[in-house]
Structures are given as structure tokens and as C-alpha cells.
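Asks:
Protein chains: 2
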Amino acid sequence: MAAPSMALRRVLGLGAVLGRRSCCSKRPLPPDLVEALRAVVGGSNVSTATAVREQHGHDESMHVCAPPDAVVWPQTVGQVQELAELCHRHRLPMVPFGTGTGLEGGVNAVQGGVCFDLSRMDSISELSLEDFSVMVEPGVTRKALNSHLRGTGLWFPVDPGADASLCGMAATGASGTNAVRYGTMRPNVLNLRVVLPDGRLLHTAGPGRQPRWAPGAPGRDGMGPCPPGYPTHPPRRRKRAAGYDLTSLFVGSEGTLGFLTQATLRLHPLPEAAAAAVAAFPSVRAAVACTVQVLQAAVPVARIEFLDEVMASACGRFSGVELPAAPTLLLELHGSRHGLAEQQGQTEEIVQLNGGGGSGLAWAEGPEERERLWAMRHRAWYAALALRPGCQGYSTDVCVPISRLPDVVVETKRDLQDSGLTGPMVGHVGDGNFHCLLIFNAQDPAEAERVHAFTQRLGRRALAAGGTCTGEHGVGLGKRALLREELGQEGLDTLRSIKAALDPHNLMNPGKVL
Amino acid sequence: MAAPSMALRRVLGLGAVLGRRSCCSKRPLPPDLVEALRAVVGGSNVSTATAVREQHGHDESMHVCAPPDAVVWPQTVGQVQELAELCHRHRLPMVPFGTGTGLEGGVNAVQGGVCFDLSRMDSISELSLEDFSVMVEPGVTRKALNSHLRGTGLWFPVDPGADASLCGMAATGASGTNAVRYGTMRPNVLNLRVVLPDGRLLHTAGPGRQPRWAPGAPGRDGMGPCPPGYPTHPPRRRKRAAGYDLTSLFVGSEGTLGFLTQATLRLHPLPEAAAAAVAAFPSVRAAVACTVQVLQAAVPVARIEFLDEVMASACGRFSGVELPAAPTLLLELHGSRHGLAEQQGQTEEIVQLNGGGGSGLAWAEGPEERERLWAMRHRAWYAALALRPGCQGYSTDVCVPISRLPDVVVETKRDLQDSGLTGPMVGHVGDGNFHCLLIFNAQDPAEAERVHAFTQRLGRRALAAGGTCTGEHGVGLGKRALLREELGQEGLDTLRSIKAALDPHNLMNPGKVL
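Same order as they appear, the protein sequences are chains A and B. All residue numbers for the first sequence refer to numbering that gives the first Met the number 0, where the first residue is 0 and numbers rise by one. All residue numbers for the second sequence refer to numbering that gives the first Met the number 0, where the first residue is 0 and numbers rise by one.
#1: Secondary structure at V383 of chain A, three-state DSSP: helix, strand or coil?
#2: Taking the beta carbon of M120 of chain B as the centre, do at least 16 other beta carbons fall within 10 Å, making it buried, or is it exposed?
#3: Ordered along the chain, which non-local residues of its own chain (more than five positions away) have a Cβ less than 8 Å from that of N353 of chain A?
#4: Verify the CB distance criterion: does L248 of chain B have a CB-CB separation below 8 Å to chain A?
#5: Would you report the Cα separation of C64 of chain B and T411 of chain B, rounded to the nearest angstrom?
#6: What would DSSP say about A213 of chain A, mapped onto helix, strand or coil?
#7: Looking at the strands, I want to know which residues DSSP matches up with N440 of chain A.
#8: Taking the alpha-carbon of T263 of chain B as reference, which of B:A500, B:A382, B:E489 and B:D130 has the nearest alpha-carbon?
#9: Is it right to say K511 of chain A is buried, meaning 16 or more other beta carbons lie within 10 angstroms of its own, or is it exposed?
#10: Taking one C-beta from the segment 174 to 190 of chain B and one from the segment 297 to 312 of chain B each time, how about it: are there three or more such pairs within less than 8 Å?
#11: Enumerated in chain order, which unbroken segments of the alpha helix (DSSP H) with a length of 4 residues or greater are wholly contained in the segment 65 to 100 of chain A?
#12: What number of angstroms, rounded off, separates the C-alpha of P400 of chain A from the C-alpha of G105 of chain A?
#13: What is the DSSP secondary structure of P405 of chain A, counted as helix, strand or coil?
#14: Can you round the beta-carbon distance between L501 of chain A and L195 of chain A to whole angstroms, since I take them to be within the 8 Å contact cut?
#15: Ignore the nearest five residues each way along the sequence and tell me which others in Q80 of chain A's own chain have a CB closer than 8 Å to its CB.
#16: Using a Cβ-Cβ distance cut-off of 8 Å, determine whether E129 of chain B contacts chain A.
#17: Classify P95 of chain A: buried if its beta carbon has 16 or more other beta carbons within 10 angstroms, exposed otherwise.
#18: If you draw a straight line from the alpha carbon of N432 of chain A to that of G77 of chain A, how long is it in whole angstroms?
#19: Below 9 Å between beta carbons is the criterion; list the residues of the segment 466 to 487 of chain B that meet it against any residue of chain A, in chain order.
#20: Would you identify the three-state DSSP class for S335 of chain B, choosing helix, strand or coil?
#21: Counting pairs of beta carbons, one from the segment 139 to 159 of chain A and one from the segment 40 to 49 of chain A, are three or more of them closer than 8 Å?
#22: At the 8 Å Cβ level, is P156 of chain B part of the contact set with chain A, yes or no?
#23: With a cut-off of 8 Å, does the C-beta of L501 of chain A fall near any C-beta of chain B?
#24: Considering only the alpha carbon of each residue, which of A:V409, A:L259 and A:D443 lies closest to R460 of chain A?
#25: In whole angstroms, what is the alpha-carbon distance linking G334 of chain B and R369 of chain B?
#26: Just grab the DSSP bridge partners of Y393 of chain B for me.
#27: Do Q261 of chain B and R192 of chain B count as a contact pair if the criterion is CB distance below 8 Å?
#28: Of all the CB atoms in chain A, is at least one closer than 8 Å to the CB of C166 of chain B?
#29: Does the beta-carbon distance from G470 of chain A to I438 of chain A come in below 8 Å?
#30: In angstroms with no decimal places, state the Cα-to-Cα distance between L165 of chain B and L144 of chain B.
#31: For a test of the three-state rule: what should DSSP assign to S318 of chain A, helix, strand or coil?
#32: Applying a beta-carbon distance threshold of less than 9 Å, which residues of chain B neighbour Q295 of chain A?
#33: Would you kindly work out how many angstroms separate the C-alpha atoms of G475 of chain A and A241 of chain B, rounded to a whole number?
#34: I need the DSSP call for M61 of chain B, collapsed to helix, strand or coil.
#35: Taking the beta carbon of G458 of chain A as the centre, do at least 16 other beta carbons fall within 10 Å, making it buried, or is it exposed?
#36: Cβ closer than 9 Å: which chain B residues qualify as neighbours of P196 of chain A?
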């Protein structure tokens, strides 16, 4: 991948990082290190091939590729521990890698080092239908988990567009279209098995509850044999007041504090009935105001997604669905048969009060029909890219309080137009979270500069409205400057103290977040 | 308060602390310190009187009184900062104090020092009906907030028995009867204004959103004037992926990381309709199994509280309500008129399947009638104490996964009987959380010893079932040994690293949690 232009670097907030990389020569891998890595995981699970390193040096964003010096594929948590201990001894940077579907350069090895590709650790275990919980390793994606759950009556609702690794989603603090009802990753992670930078093993909500822990046999985690009488499938608890909340600390830590090698997730019962609908509105403000009113009426809406007229028309065209070029809401309701009808009535009334939905909402109740609708929504990124073939895309990710959402969206829309940028808008508006998918010619410095200026104004507009510079993509490389403005010096200092306490040599995913 | 007997110390897990206190002479207050405290807050807001110090040296538990050397009443966050800086300079322990209604000795000044009574900071500000949020200072209790909210259509549902300070509830990670539907304090705290041990000010979800920040005037937090055009009442956001989750770190930190001087809370819409009922069951197992089934049927129950037959009869007698001496569930449902009827139907069916509720449930729908029921429930502690006048009480607080709850409750009940102890059981069973209110004669070493052995067995039983040693009371003084078993050495070491990073001189509420 070619080095980005100066203008593009500014868009990505990469100046400092790239400067550091190109000025300071990073430490070369110590001699024999590759051999030592091979001794842990076997020869076929280590690579220093350029193509492999480059493939692991970037995510789905346009942050410039920064390849690690080596890639390893551990198969067990014990191997992750041994590898971490080895890298720790040599003071080598370590970068966790799941599916590489992030959007803020979280996996880019900006200081080189060893990339841990965890995709070959892919067990699903300890499924408890009674406690609505399951354990997954980092190789398990959200779609794989939901396939595994088919027929159980349970599902895992958090759905960023990509089919990401669930542990990666925990690391990013991801969310998606269902968060307005089911929450983001944060309340849906119950426990994490973490390998700390020096190789020690931490269970954020306590150990002793490992998967497949056979009585009398050594545990996979090196915890020794199970004590007699210990239940082999102990279910997970939900509520605790025992010490600081380490689970919440590691969710959203973006690989900077340790490796998430297993997550215990909270599952949800599949709704008895569901219905989805599309509603076009006369204006952006009307669509967003409708969202705010649906929430304030306490309709337990499952999904409420906004597309501006550019996005609606692009999505329709890209997925072959007829969709008017108008500000649009995609809605989904979940409930009992009875409850659903009540929700539908309330929603229709509010949609119509805001001039939306034309002569009434056509509800899609069958699973295929609904799936088609959401597949179209999840392809929004590619639909946006198709607007200007050959151009690059960058997704903003601000989130503001609901009451400020109409103003902020309308101002942002005006700013986009004034800046002459292509940036269709799409948003999880029920959370106050929206994205401008900026499609621009990275070879045109003037356009890249306008994109940079726009993203900075948008970030500051969100902060001034009491919002955040990132609702779900994380800080990664691109949001570090805005993070300082958002948290203030004391906030940033506190994050740094915690990072220094848990990773004193700054080996875990260095150069990210802080 | 007299020093506790050796047997009682064992019950309370106080051996080490008391030993340390009586062996090592704690540092006396430096000369002139009291004068320096007075210079900050004024003479009437500092006390070293024995009665005042003793009143601040204990909570509602039976942990032995450990008075601080001085008590101060700051009125503003700036004063808290100045006082903290002063104590920090002199390396004096600091103990935050709200209403003193804790149950694990969280406020006991086991190493002396200065108690910060924050009850005179009692502003309620930035109420946003659109964003369902409000800011409260530590002097605001949950009942005071709900009175303030009367007529707005909103309420704050977290309700531990006591009328505790909301910031104290955040510090403890408290919950109560509504947690099964509305969550504990954790998801209901959106931002915290924290004074760090050295006096610096941290906003866990970012600063710049202070209450009553007048444009052009210096902010109360010393943040300087508001920038032009800055909204004076910016509402709060809900979702963010910006850096480590500091809010969750401070919720449940029990005063060991800093002073919580303001909390931004999430409010909830009052339900359109509510109904409560009492159901008696043929056995403990039937009552608990009914709870599990109600949850598994995804009935969005608002409250589901268990009383064993001893507790039911004691509560009825204490509050003058007719209640059969049988294992009992108190239930409350919230919803729309329509939805409520559906929930009532589902609940009745499950209750009857488990042999409960006699010839049908009598639903109380009026607010007074429901309030009478919950007032009775909230007086359970005093009803238990009345069973053996002159005796002392200690409340256990384990929490286990729902699927294990029936077995754990039945085993615990048998253990209580085998141990010959008085320990009526009461529980937020929808969360898997229950308490044995142990009423015993602290002067009888044999009985105190039996209580100690029982609480240890109960804690270990909960841990073995994948549960926690504390669902809502916190660790405080009494649960430190069990916390180590729950988290393991790596977990405890991680908590200690964080504590050392944020409070390197171990000045904030020393001797607690860790």
C-alpha cells in the first residue's frame, strides 16, 4: 500500500504516528525470535512473509498499512500466554488481530512487533439455555455464534455491519443497529479471559469457571485440576459488587491492556414476533424528530436506523430495492404478538405525526423479508463506495444526546453541502449515533483537506452538544486528538495511569487510543 | 462502642484490620491541621468532638466503630479539592461519608484520618426531561430525588432498602428490588465528577458539561469560563467508545479511588400502569423455581422478591399486614395498560403451575396499596431484628446464576436449620441475589462462631455455583478474604495495580476492598 499524501495523513490524524515510524527506526526482531515463536506454536503458525504481514497491517479503514514484523497463530490460551511472555521478555510490541474489520486502524502495527492472529482459537462452549450465556473464543464471529444458536430460541443481538470477531467487538466496544434495545457490547459481556502483557491470565469476573474443565484433568488454562465436586458447567452470574469492574475496563480497551482470549456473553430470547417497516419523511429534521418521539414515548423499538436521501437512494440502487430518495427511517419492533400490535400502533401514529410513511406503513413480518431489509442496511458502506468508483471512504462516528440529535444532524448535513463533499449519512439514531460515509479522491489534496476540516468540525460539534467523538468505532489511530478534548487532561492522565499500571512497558498495541 | 469479642471479629472478618489498628499506633493529626481544615471550610464545618467522630466511624452494619480523627463538611467541589490536596500533602487517610447506611463497614475509618461528610453538598441540577437525565451531588438521597421528580413522569428506580445518598449508592454499586428490570447503579450512572486523592478533578465521561456553568463566569469546577456559544445545559450522551470506561471503574470503587462529588444519572419513564401481588408457595423450591420460570418466559417483571416463611411471618407481624408463614413471592409488573394485562396473565399461569398463589393472585394496582407492600418489604431488616430483641444482625449478600438459585437457596436453608441459627431469608431472586439476615447474640461466642462458619460456607457455596460473594453490599471490610477467592491472585493483583496507579499513597479509604 502506498504511503498516504500529507493531506490524507491529516484526514486520518496520522501525522505524529507516521512521523515517528519513518524517523525512528523501530527495533528489529531479535535474532532467533522467529525460531522461539515457532517452538511455541509450530512452524506453520508463524509467518514473516511480506504478503501476510501486509494483510495483517491494516483493517477496513483507509489508515495506512503498518505491517507487523511477524504474525503468529496461537491455538490455545496457553500458547498465547507463552508467546506474550516471550515478547514481553524481548520488549516487543504485541498486536491482537481478530477479523481485521475495524474502522480506526486498531490492528495497524505502527511500532512493528508481533501480530497475534487469534482466528484459529474458535471454540464455542458452556452454552447455558437457562442462564442465557455462552463462552466464545476470538475466532468466533457474530454470525457463526448466531448459526450455532439456531434452534435454541436464543440469539446474540449486537451487530456491527461486518461479521466481526466477538472478542474483537468486545475490544472495540462495538454496537450496531440493535443497540437501542439490547445495548452495546458493554452490558452484554459478562466475563473475559485476558492474557496480560507479561503472559499472566486474568478472568475479569473471577476464574475457576473455565470451559470444558474436566475434573481431574489439567485445565486448559493451566489452573490445575478441577476440585472435587466442582460443577463442570457452572453458569454465569449477572450482578456483582465485588471489587472494581474489570470487565468494563477491558471492554473498549482496543487491545491496549491485554489479549481477550475468551468472552462470556449474555444471550437474549428471540422475540415471539417481529415486524419491520420503511418510512420516508419530508425532511431530515422530521425523520430525526420522529426517532426522538418514538423513544420518548417509551416504545421499546428494537432498531431505528436513519438514512439521508443520498444514502437511501444509494442503498436502494446497490441492493436492488425500491427506495425513494428521501430521508428515511428503517424500523424494527420486537415483542409478544399482543405487545407488537400495540407498538406498531404507537409507532405509526408518531411516524404520521411527523409527515412520514406516506399513506401508512407496510410492515414486513416474515424473517426473509426483514432479513432483506437489514442486509440492504448492512451494505450501506459498499453502496456509498459505489457512488464514486475508485475513491476512498472514511466513516465518521459521533454520538450525541437524543435531544440534540435533530439540530446536530441538520447542521452536519448543511456543513456537508457547504463543503461540497459526498458523505451520505446513516445512523443508529435511537442511540444518537450517526455516521457520514465520506467518499473522496485521496489523490486530490484540496478535497482531502476539506474532508479533514469537516471531520474536525463534526467532532467538535458533537463534543459541544455533550456528545462523544466515537459511539462505536473506537479511538484507534484517528481519534486521539479528539479524545483529549473529550476527556480533558485529567481524564487522559487517568487513562494513562491505568495503561502504565497494567502495561508498564507499553507493549500492548502501542500508539493506539492514548 | 465496645470492642467486639474475638468470635465476633471472626464473623466480621476483622481480625487483620483490628490487629493492625491496635498494634500500630496510627499517625496523629499534624499540629495545625485542624486549623488548616477550618481555613478551607469555615469553623462550623470541622469537628473533632468524640460524639461526632464516633457517629462517623460506622455504618448500619455491626462492624466495630472506627472513628476518624476529624470530620469536615465541604460545601462545594472546590472545597473538596482543597481539602483533598491538604490531606494528600500530609499523607492523611481520607474517608468519604454520605448517609452512613452501608452494610459492610465502608465508612469505618480503620486507619483514622479525615472523614469527608458530603451531605451538605446537595444540589440537583441539569434535569433533562428529553434526555432522561439529572445531576445530583452526594447529599441527595434516592427519596429526595424522586420527590424532586414528582410530576415530571420520570423516576429513578434503584432502591436499596435505606434512603441512601445516590453518590454513595454509586460508590457501593448498590441495587435493590427494581434491579431485575431497571438494572443496578452501574448502567444508571452516566458520568461522575470525581475528586482524585491529590485534589485533581476528573469527569469520568469527560468534562465541560458542568451544572450551572454560566457563560463568561468562572466555572465552579475551576475549569475557567465557558467558551462562547457553549450550551449551558448540554444533555448527556448514553453510548461511547472513547477510551477506557472510567465511569464503570468508579462505580463500585467504595471510596478507594476518589470522592464522587456528583453523579449524572439516567432516569426512567414512570410506567403507564403497574400491579403488585403476593403469592405464597408450598415450598422454598417452588417459589424460587417460579421466579426462574417467570424470567425464562421473558416476562419483563419489575420486581420479584422472595421471603422465606420465617421472614414472611416476621414482616407481616412487624408491619401489621396479614401474610401467611409460607415461602412467599412479592411481585410487581410495569407496562402499558395493554401490556400489563398480558404480563399478569403469563405470571399467574406460572405461579399456579408452581402451586403458588392459592386460588388466584389479588393484584394491587393503586399506588398507595403497592407502596404499603414495598414499605413492608423494605422494613425486613427491622422485622428480622425484632425476632430476637437485644441481639445483633448481620446480612449476607451472595448472588448466583439463576439456574443454580433453587439448589443454592434450598441448601442454604438446610444449612441454617442444621446450624441452629435465626436467619430469615429475603432476596432479589430475579437477580439471583439473596440475603440471610442473621440475628444472633454477639455475647455468645459459640453462636458467633456458628454464624462465622455459616457465612463462610455460604460464600464458598455461591462461588462454587459460579456466583459472587457480594451482589450489592460491596466488599468493604468483611468480604476481603472471599474477594481473593472469587477473583484469584491475578484478579486481585490487577485491582491492586489500579489502586496503586490512582492512589499511590493509599490514602483513599484505606483498608477497604483490597
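Even glycine gets a Cβ: it sits at the ideal position worked out from N, Cα and C. Given the structure is predicted, the values throughout are model-derived calculations rather than measurements.
Replies: Let me lay it out:
#1: Note that residue 383 of chain A is Ala in the sequence shown, not Val. Three-state DSSP puts A383 of chain A in a helix.
#2: buried
#3: F280, A285, A286, A288, C289 and Q292
#4: With 8 Å as the cut-off, L248 of chain B counts as an interface residue toward chain A.
#5: 30 Å
#6: With a pLDDT of 27 at A213 of chain A, under the threshold of 50, the predicted position of this residue should be treated as unreliable, though the coordinate-derived value follows. If DSSP states are grouped into helix, strand and coil, A213 of chain A belongs with coil.
#7: N440 of chain A pairs with nothing; no bridge assigned.
#8: B:D130
#9: buried
#10: With a cut-off of 8 Å, the segment 297 to 312 of chain B and the segment 174 to 190 of chain B count as touching, because enough Cβ pairs lie within range.
#11: You should have 76 to 88.
#12: 26 Å
#13: helix
#14: By a beta-carbon distance limit of 8 Å, L501 of chain A contacts L195 of chain A. Their separation comes to about 7 Å.
#15: V194, G198, R199, L200 and G221
#16: A Cβ of chain A is located within less than 8 Å of the beta carbon of E129 of chain B.
#17: buried
#18: 39 Å
#19: Answer in chain order: G466, T467, C468, T469, G470, E471, H472, G473, V474, K478, L481, L482, E484, E485, L486 and G487.
#20: coil
#21: Output reads no: the segment 40 to 49 of chain A does not touch the segment 139 to 159 of chain A.
#22: Not flagged as an interface residue toward chain A: P156 of chain B, since no C-beta distance is shorter than 8 Å.
#23: Output row for L501 of chain A: interface = yes.
#24: A:V409
#25: Distance between the alpha carbons of G334 of chain B and R369 of chain B: 15 Å.
#26: In DSSP, Y393 of chain B forms a bridge with B:L437.
#27: yes
#28: no
#29: no
#30: 9 Å
#31: helix
#32: L128, E129, F131 and P268
#33: 9 Å
#34: coil
#35: buried
#36: What P196 of chain A touches in chain B: nothing, since even the nearest Cβ is about 12 Å away.
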